[in-house]
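Plus 23 on top of the position in the sequence shown (first one is 1) and you've got our numbering.
Using N, Cα and C, we set each Cβ at its ideal position, and we do this for glycine too.
The structure under discussion appears below in the form of structure tokens.
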Amino acid sequence: MPREQGFTSESAMQEALYAFCCQALAQDLETQDQVSCLLSGGRTPLPCYRRLAGTALPWQRIQAALVDERWVPGDDPASNEGNIRACFADNEDFLANFLGMYSAVPIGTAVADCNRRYRKLPRPASFCLLGLGPDGHTASLFPHAEGLKSALTSTEPCAALQAQGSAVTGPHTQRMSLSLQGILDSRRVVLAFTGADKLAVYQQALACEDPLALPLAAVLQQAQVPVHVFHSP
Ligand code: 6PG
Numbered sequence: 024m025p026r027e028q029g030f031t032s033e034s035a036m037q038e039a040l041y042a043f044c045c046q047a048l049a050q051d052l053e054t055q056d057q058v059s060c061l062l063s064g065g066r067t068p069l070p071c072y073r074r075l076a077g078t079a080l081p082w083q084r085i086q087a088a089l090v091d092e093r094w095v096p097g098d099d100p101a102s103n104e105g106n107i108r109a110c111f112a113d114n115e116d117f118l119a120n121f122l123g124m125y126s127a128v129p130i131g132t133a134v135a136d137c138n139r140r141y142r143k144l145p146r147p148a149s150f151c152l153l154g155l156g157p158d159g160h161t162a163s164l165f166p167h168a169e170g171l172k173s174a175l176t177s178t179e180p181c182a183a184l185q186a187q188g189s190a191v192t193g194p195h196t197q198r199m200s201l202s203l204q205g206i207l208d209s210r211r212v213v214l215a216f217t218g219a220d221k222l223a224v225y226q227q228a229l230a231c232e233d234p235l236a237l238p239l240a241a242v243l244q245q246a247q248v249p250v251h252v253f254h255s256p
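Have a look at this one:
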């Protein structure tokens, strides 16, 4: 069962999320020379990234990598890599080590290269920070996406998916994502979300028997890695 913490305000949740991420990195840096952490895009984690960016940690020893990406270049406003780099704009050591997913080749061709680069990260990661979509997607594991079944069973860290177009995907249906195994090769999985609609989806996923319909269920219902849930209205 996930370890769930509900907060009465988003700012209280952000505070706790930031403290959790700092502590996870600090704890693992005590025993490992190099650590990694896996960062989702989306709006929710950005305040946490901005605070982490200004935190005195040995960033030369921390290799951060993306959880997922829309297939657009880094200067596109929809680029997760671009948005995360902007949060860490003043942290040169973070930027020097940050591993993105996008390259200017078709996504099907890029997946082998992503896997090669992600296999070099120090694993397990200290944490994998996930968001949640109102449709039950997490990372870029979208309901009924082409490639989802393989992303849930593959032993490779990354997977290319073609999501079904919806209001949630917008025009960005081509996605690179950590596979389920890529997410779970972490000491801690962290899920952070806000809003009553997402809380309802989260609760549905706890009991859902079909991860192809609600991919979050695959993350919540495994026993391999503890899942820490932070949520607020
Ligand atoms: C992405 C994501 C995705 C995100 C959720 C929640 O690129 O879209 O990484 O999984 O975490 O869609 O997004 P918000 O935090 O913006 O609601």
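Hey, how far is the Cα of Gln46 from the Cα of Thr192?
Rounded to the nearest angstrom, the two C-alpha atoms are 33 Å apart.
Bridge partners for Met199 per DSSP, in chain order?
Glu92, Ala183
Can you give me the Cβ contacts of Ala16 inside the same chain, cut-off strictly under 8 Å, excluding the 5 residues immediately before and after it?
What is shown of the chain runs 24 to 256, which leaves residue 16 out entirely.
Assign Arg26 to one of three DSSP states: helix, strand, or coil.
In the structure shown, Arg26 sits in a strand (DSSP, three-state: E or B).
Closer than 8 Å, CB to CB, is Val212 near chain D or not?
Annotation note: the requested chain D is absent from the structure, which comprises a single protein chain.
Hey, quick one: how far does the alpha helix (DSSP H) through Phe117 stretch, first residue to last?
115-120
To the nearest angstrom, how far is it from the Cα of Arg210 to the Cα of Phe150?
Approximately 6 Å, taken between the alpha carbons.
Within its chain, find whatever has a CB closer than 7 Å to the CB of Thr78; leave out the 5 residues flanking it on each side and keep chain order.
Cys45
Run the proximity test for Ala133: is its beta-carbon closer than 7 Å to any non-hydrogen atom belonging to ligand 1?
no
Report yes or no: do three or more beta-carbon pairs, one from the stretch 200-210 and one from the stretch 240-252, lie closer than 8 Å?
yes
Let me check understanding here. Comparing Cα to Cα, which of Ala174, Ala42, Leu75, Gln50 lies closest to Met199?
Ala174
For Lys8, which residues from the same chain have a beta carbon less than 8 Å from its beta carbon, with the 5 sequence-adjacent residues on both sides left out?
Because the chain in this structure spans residues 24 to 256, residue 8 falls outside the shown range and cannot be described.
Could you check how far apart the C-beta atoms of Gln28 and Phe253 are, in whole angstroms? I think they sit under 8 Å.
In this structure, Gln28 and Phe253 form a Cβ contact; the two beta carbons are roughly 5 Å apart against a cut-off of 8 Å.
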